[in-house]
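Numbered by mature numbering (1 follows the signal peptide of the UniProt record, and there is no 0), the letters in the sequence shown go through residues -22 to -1, 1 to 317 in order. The beta carbon of each residue, even a glycine, is placed where N, CA and C say it ideally should be. Since the structure comes first, as structure tokens, the remarks are kept for the end.
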Amino acid sequence: MVSQISRFYLAGLLLIGCPALAADIADPAAHNHGPESFSPNKGQLKQLLKTRRCRSCDLQNADLAGADLKGADLRDANLRGANLTGANLEGARLQGASLITAHARQVNLDRADLTGAYLHAADLSEARLNQAQLEKADLFGTKLRRAEAGGARFGGANLESAVLNEAKLAGADLSAAKLRAVDLSGADLSAANLSGAFLLETRLAAANLKGANLQKAVLVVAELSGADLTGAKLQGADLHAAAADGTNFSNSDLTGADLSAADLSGATLTGAVLKQANLKRTNLQGLDLGGLALGGANLRGADLSGADLGKADLRGADLRGAFLDKAKLDGTNLKDSRR
């Protein structure tokens, strides 16, 4: 029963145009529809299995494990929490679909179109995504451990905190992708396009980045220990404070790259180009830098103790405050350098 005070309150709600809220307060039982349903629409599920066409369907928590949905049209479908383990979705159309928290281990999504799809916290471990389209998709926290995504397109996608260790991403397009705090340790990213990608605090230990394009990529505080960046393009990349001990930079182009305060102990830089690079306070102790192009590089406060700089080109380089104890400078070109 509504009290005298409640009557005045309800009258006020009616006056300001909130009749539905007033009705709920007056008789809440009349508007109790019970618990929200999280089951798939059975009719739409049957439609999908029969026709492979179910655009904008509600398939939340549907059990589609092992289902053959090759080429299915699931654009804008709700597959949140669905079980897609081992399902065949090769060439499927999933633009704008929601696969949030979906269970999709070993799913086949080769050549599928997931442009703008939502895969937040989904489990796609060991999935097949070769040549798949995932531009601007949301893969925040998604598990893609040991997934095969050769040639897949992730341009502009959000992969923050995703798990991609040992994933096969050779030739994949990850340009301008958000890869903050992602685990890519042991992943194959050879010849991948990571230009302009955001890889802050990303783990790339022992990753294969041979011939990868990392121009203007942000790799601040990234872990690159033991990674192979042979022939990689790193012009203008930001590797400030990166852990690159034991990393192979052979024949890579680091022109204008920021390696300030990075740890390059034990790294291989044979044939690398470091013109105009920022190596301020960088650990280069004991490295073989012989014959390298370091013209105009900023080496202020860098640790070059015991390093071999024989025949290196350091014209116009800034060596003020650099530690050169026991460094080899035989035939080094120091013209116009500052010390």
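As for any alpha helix (DSSP H) of minimum length 4 sitting wholly inside the region 5 to 84, the runs are 20 to 29, ordered along the chain. For Phe227, no pairing in a beta bridge is given by DSSP. Contact annotation, Asp303 with Leu272: C-beta distance approximately 18 angstroms; criterion of less than 8 angstroms not satisfied. The beta-carbon separation of Lys306 and Asp286, rounded to 5 angstroms, stays under the 8 angstroms limit for a contact.
Distance from the CA of Lys121 to the CA of Arg83, rounded to the nearest whole angstrom, comes to 9 angstroms. Going by C-alpha positions, Leu42 is about 14 angstroms away from Thr79.
A straight line joining the alpha-carbon of Ser168 with that of Leu23 spans about 40 angstroms. Selection Gly249, Asp216, Ala245 evaluated against Gly234 yields Asp216 as nearest (Cα-Cα).
Nearest to Arg58 by C-alpha distance, out of Ala300, Gln193, Ser203, Gln38, is Gln38. Taking all protein chains shown into account, Thr29 has fewer than 16 neighbouring C-beta atoms within 10 Å of its C-beta and is therefore exposed. The alpha-carbon of Lys289 is positioned some 11 angstroms away from that of Asp266. Selection Gln111, Gly64, Val251 evaluated against Gly214 yields Val251 as nearest (Cα-Cα). Judged by beta-carbon spacing, Arg106 lies beyond the 8 angstroms limit of Glu138, meaning their Cβ atoms are not closer than that value. Counting only runs that start and end inside the region 154 to 210, there is no beta strand (DSSP E) element of at least 3 residues. In the three-state DSSP reduction, Ala219 falls in the coil class, being neither helix nor strand. DSSP places Arg106 within a strand segment (E or B) once states are collapsed to three.
The residues Gly288, Lys289, in chain order, have a CB closer than 8 angstroms to that of Gly309 in the same chain once the five nearest residues on each side in sequence are set aside. In this structure, Asn256 lies near Ser238, with their beta-carbon atoms less than 8 angstroms apart. By the criterion of a C-beta distance shorter than 7 angstroms, Gly119 is surrounded in its chain by His98, Ala99, Ser139, Ala140, once the five residues flanking it on both sides are discounted. A straight line joining the alpha-carbon of Val199 with that of Gly134 spans about 21 angstroms. When secondary structure is reduced to three states using DSSP, Glu126 falls in the strand class. A residue is called buried when at least 16 other Cβ atoms come within 10 angstroms of its Cβ; Lys156 meets this threshold and is buried. When DSSP states are grouped into helix, strand and coil, Gln111 belongs to the strand group. For Ala271, the pairing in a beta bridge is given by DSSP as Val251, Asp291. By the 16-neighbour rule on beta-carbons within 10 angstroms, Phe16 is exposed. In this structure, Leu87 is the residue among Leu87, Asn61, Thr63 with its C-alpha nearest to the C-alpha of Leu72. Taking C-beta atoms as the reference points, Asp161 and Asn143 count as a pair closer than 8 angstroms.
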